[in-house]
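A.B. asks: I have a structure I would like to understand better, so I am pasting it below and will then ask my questions one at a time.
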Amino acid sequence: MIEAVGLVKTYGRDRVLDGLTFTAGRGVTGLLGPNGAGKTTLIRMLATVLAPDEGELRLLGRDPAGDRLEIRRRLGYLPQEPGYQRGLTVFEFVDYVAILKEMVQRRARHDEVRRVIEEVGLTSVSGKRIRTLSGGMRRRVGIAQALLGDPELILLDEPTVGLDPEQRLRFRELISHIGQGRAVVLSTHQTEDVSALCNRVVVLKAGRCAFEGTPEEVRALAEGRVWFSAEKSGVLSWRTGDGLFRNIGSAPEGARPAEPTVEDGYLLLLGDRTAGVTA
Amino acid sequence: MSTWHMDDGLAVRYADGELNPTLAASVEAHLLACDRCRSLLTPRVPDARLDRVWAEVADAVDTPVPGPFERLLRAIGVHDHTARLMAAAYSLRLPWITASAAALLFAALASGETTRWGLLVYLTLAPILPVAGVAVAFGRDGDPAHEIGLAAPYSMFRLMLMRSAAVLTSSSALALVVGLGLLGGSWIAAAWLLPSLALTSLTLALSSRFDPRHCGAVVAMTWLFVVVSVNFREPSLAMFGGVGQVGYLAVAFASFALLFFRRREFS
């Protein structure tokens, strides 16, 4: 579905993508990385909104430089800030996007709009104005428009940011549902989302691919490197609720091993950068 | 209470949609009050017909109600989907058009019919309104769904041109009505038309590289600066004379040419 080799994107002196290489197929692929790692730039590139300065990109077996329209007909895209026309109802907004997706036959278009609204569980609020909806419901509207035309590739940029735990849970249900039988690329900096949803993960660090594999493989990177101890130690360390320090790195004296998580593996992959981010 | 009831044959013909409208209306009136006939009818309605009727009802309920501008576009023959895309622009909605009309009205009233300063205010303001309208009709800030639209197959260049043409037309119509109404049939009431076209096309051409709102602001401020500079010592309408009009036409042509060459930048 996606083959990227040596992608480079530069804004002024800032090299946002620096020779990024990765592949993604069916199922849910997580793009994991800290703020500024190039996730949004990459997602916009995959959505054919941006062109790479260098490198080769193939989407759905096609070259976006020459077959942009054909690719756009087969993809759904939820940007980080979708920008809803808040005066419109849910139905009106999704209908508006359906027109942008070249669905011109009114009856067929309306049937499709109803289908995607039902798929994201918003049928009961279909006639409500978007400005009256909660943040979680608005994200569902965003997902609904991305599902129009049953696309083979769906790109979701930070879809769970700002959602409360219950909304995030519902969102995960929805994303795992739509990930069946198609390719979904999910950009996030939340390791919980990756653990819960993705069958594949690409970790971005300073515009490059720091890791490509399964979430379990990310977690395995931290095997034997996470410890509980009375003293602070390791690359990263924080005090837990029971008063012990949870350390990532080499074992301090008297430490007992802890079960690693995907987050531990991710933090190890980011290395020194995490000290600045999480200290 | 009626003692008349449907028989099997009538129920089947009604269910198949074969009754004439008058008889069908009678049957429907009776069905509203008769459980027995409803029970007789229900199993005789083909599922496919029921689904079709339900789909029609759902579609009638869901179909968005078009606003006044969208209705106007449809009335002049624009396809309903195209009208929907055009009418979504903020500057083609009632609040913007009302504000533009009010601004023009005050400018025209201030012109006092004959004073040069007053006329100058009107002729300066009239071309700025379409520039402002175009600047907020598309682009990242002007169109909330812009980013989604960029990844959709519909041509953003086409959408931008359609909305700009609609904004220019509506603004020009307003200015013409106000100008002719308050300034009489003099040529001066329409002397802003070519400046308006020049400034708007320049804004569009610059928008292929920069944010449309910034482009609109820069073009409008530059226009104001030029008008004030030229008329600082003594108000004159020379800028709107023959030579000036040829100049505006040249700017418009050059801008449209640039716009054509940079059309891919909009997608």
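If you read the sequences in order, they're chains A and B.
Heads up: the first sequence begins at 3 in the working numbering, then just goes up one per residue.
Heads up: the second sequence begins at 902 in the working numbering, then just goes up one per residue.
From the three backbone atoms N, C-alpha and C, an ideal C-beta is built for every residue, glycine too.
#1: Under a Cβ-count criterion, where at least 16 other Cβ atoms within 10 Å of its own Cβ denotes burial, should Asp112/A be classed as buried or exposed?
#2: Using alpha carbons as the reference points, say which of Leu1095/B, Ala916/B and Trp1124/B lies closest to Ala949/B.
#3: DSSP has Leu59/A in a bridge; who is on the other side?
#4: Examine the Cβ distances between the stretch 92-112 of chain A and the stretch 150-166 of chain A and report whether three or more of them are shorter than 8 Å.
#5: With a 10 Å radius around its C-beta and 16 neighbouring C-beta atoms as the bar for buried, classify Met1063/B as buried or exposed.
#6: Please report the straight-line C-alpha distance between Ala1153/B and Ile1029/B, rounded to a whole angstrom.
#7: Tyr1055/B CB to nearest chain A CB: under 8 Å?
#8: Quick check: is the beta carbon of Arg170/A nearer than 8 Å to any beta carbon in chain B?
#9: Would you please state the rounded distance, in angstroms, between the beta carbons of Leu896/B and Pro969/B? I believe it to be under 8 Å.
#10: Three or more beta-carbon pairs under 8 Å between the stretch 1044-1061 of chain B and the stretch 1073-1088 of chain B, yes or no?
#11: Please report how far the alpha carbon of Ala1151/B lies from the alpha carbon of Gly1040/B, in whole angstroms.
#12: Tell me which residues of the stretch 1023-1050 of chain B have at least one Cβ-Cβ distance to chain A shorter than 7 Å, keeping chain order.
#13: What did DSSP end up calling Pro259/A once you bin it into helix, strand or coil?
#14: List the residues of chain B whose Cβ lies closer than 8 Å to the Cβ of Ser128/A, in chain order.
#15: Name the chain B residues that come within less than 9 Å of Ala53/A, Cβ to Cβ?
#16: Expressed to the nearest angstrom, what Euclidean distance is found between the alpha-carbon atoms of Asp65/A and Leu188/A?
#17: Quick one: list the residues of chain B neighbouring Gly85/A, beta-carbon separation under 7 Å, in chain order.
#18: Looking at the C-beta of Asp948/B, does it have a partner C-beta in chain A at a distance below 8 Å?
#19: Under 8 Å, Cβ to Cβ, is there at least one residue of chain A near Arg1110/B?
#20: Which residues in chain B sit within 8 Å of Glu121/A, going by Cβ to Cβ distance?
#21: Where Ser178/A and Arg15/A are concerned, what is the direct C-alpha to C-alpha distance, given to the nearest angstrom?
#22: Can you give the beta carbon distance from Gly209/A to Asp20/A, rounded, assuming they're within the 8 Å contact cut?
#23: Does the Cβ-Cβ distance between Val1120/B and Thr1104/B come in under 8 Å?
#24: If the cut is a Cβ gap below 8 Å, which residues of chain B does Ala49/A touch?
#25: Taking Asp97/A as the query, report the chain B residues whose CB atoms sit under 8 Å from its CB, ordered along the chain.
#26: Cβ of Val187/A less than 8 Å from any chain B Cβ?
#27: For chain A, find out if any of its Cβ atoms is closer than 8 Å to the Cβ of Asp981/B; answer yes or no.
#28: Any contact of the stretch 123-135 of chain A with the stretch 48-59 of chain A, i.e. 3+ C-beta pairs under 8 Å?
#29: Any beta carbon from chain B within less than 8 Å of Pro153/A's own beta carbon?
#30: If we ignore side chains and look at the alpha-carbon of each, how far apart do Val10/A and Arg17/A end up?
#31: Determine, using beta carbons only, whether Pro259/A and Arg221/A come nearer to each other than 8 Å.
#32: Whose CA, out of Ala926/B, Gly910/B and His906/B, lies closest to the CA of Asp936/B?
#33: Where does Ala67/A land, buried or exposed, given buried means 16+ other C-beta within 10 angstroms?
#34: Using 8 Å for Cβ pairs, my map puts Phe1157/B next to Ser1109/B. What's the rounded Cβ distance?
#35: Which residues, in order along the stretch 4-20 of chain A, keep a beta-carbon less than 8 Å from a beta-carbon of chain B?
#36: Could you name the residues of chain B that Phe93/A contacts, counting a contact when the two beta carbons are closer than 8 Å?
C.D. replies: Looking at the coordinates:
#1: For the record, residue 112/A in the displayed sequence is His; it is not Asp. Counting Cβ neighbours within 10 Å, His112/A comes out buried, since at least 16 surround it.
#2: For the options Leu1095/B, Ala916/B and Trp1124/B, the alpha carbon positioned closest to that of Ala949/B is the one of Ala916/B.
#3: Per DSSP, Ala6/A.
#4: The stretch 92-112 of chain A is in contact with the stretch 150-166 of chain A.
#5: By the Cβ-count criterion, Met1063/B is buried, with 16 or more other Cβ atoms from all chains shown falling within 10 Å of its own Cβ.
#6: It is roughly 15 Å from the alpha-carbon of Ala1153/B to the alpha-carbon of Ile1029/B.
#7: Chain A, which has a Cβ nearer than 8 Å to the Cβ of Tyr1055/B, makes this yes.
#8: No, its Cβ sits nowhere closer than 8 Å to a Cβ of chain B.
#9: Outside the displayed range of chain B (902 to 1168) lies residue 896/B, so it cannot be described from this structure.
#10: They do not touch, by the three-pair rule.
#11: C-alpha separation (whole angstroms): 26 Å.
#12: Answer in chain order: Pro1045, Ala1046, His1047, Glu1048, Ile1049 and Gly1050.
#13: Note: Pro259/A maps to strand in three-state DSSP.
#14: Under the 8 Å cutoff, chain B gives Asp963.
#15: Result: empty, since nearest Cβ-Cβ is about 10 Å, beyond 9 Å.
#16: Rounded to whole angstroms, Asp65/A to Leu188/A spans 21 Å at the Cα level.
#17: Neighbours of Gly85/A on chain B, chain order: Pro1045, Ala1046, His1047 and Glu1048.
#18: Cβ-Cβ to chain A under 8 Å: no for Asp948/B.
#19: Not flagged as an interface residue toward chain A: Arg1110/B, since no C-beta distance is shorter than 8 Å.
#20: What Glu121/A touches in chain B: nothing, since even the nearest Cβ is about 16 Å away.
#21: Their Cα atoms are separated by approximately 38 Å.
#22: At roughly 4 Å, the Cβ-Cβ gap stays under 8 Å, so Gly209/A and Asp20/A are in contact.
#23: Yes. Within cutoff.
#24: Leu1051 and Ala1052, listed in chain order.
#25: Near Asp97/A (Cβ distances below 8 Å), the residues of chain B are Pro965 and Arg985.
#26: For Val187/A, no CB of chain B lies under 8 Å from its own CB, so it is not counted at the interface with that chain.
#27: Chain A, which has a Cβ nearer than 8 Å to the Cβ of Asp981/B, makes this yes.
#28: Between the stretch 123-135 of chain A and the stretch 48-59 of chain A, the count of Cβ pairs shorter than 8 Å is below three; the stretches do not touch.
#29: Not an interface residue.
#30: Distance from the CA of Val10/A to the CA of Arg17/A, rounded to the nearest whole angstrom, comes to 7 Å.
#31: Not closer than 8 Å, so no.
#32: Put simply, of Ala926/B, Gly910/B and His906/B the residue whose alpha carbon is nearest the alpha carbon of Asp936/B is His906/B.
#33: Counting Cβ neighbours within 10 Å, Ala67/A comes out exposed, since fewer than 16 surround it.
#34: Contact flag wrong, Cβ pair sits at about 12 Å.
#35: Flagged: no residues at all.
#36: Going along chain B in sequence order, the residues near Phe93/A (Cβ under 8 Å) are Asp963 and Pro965.
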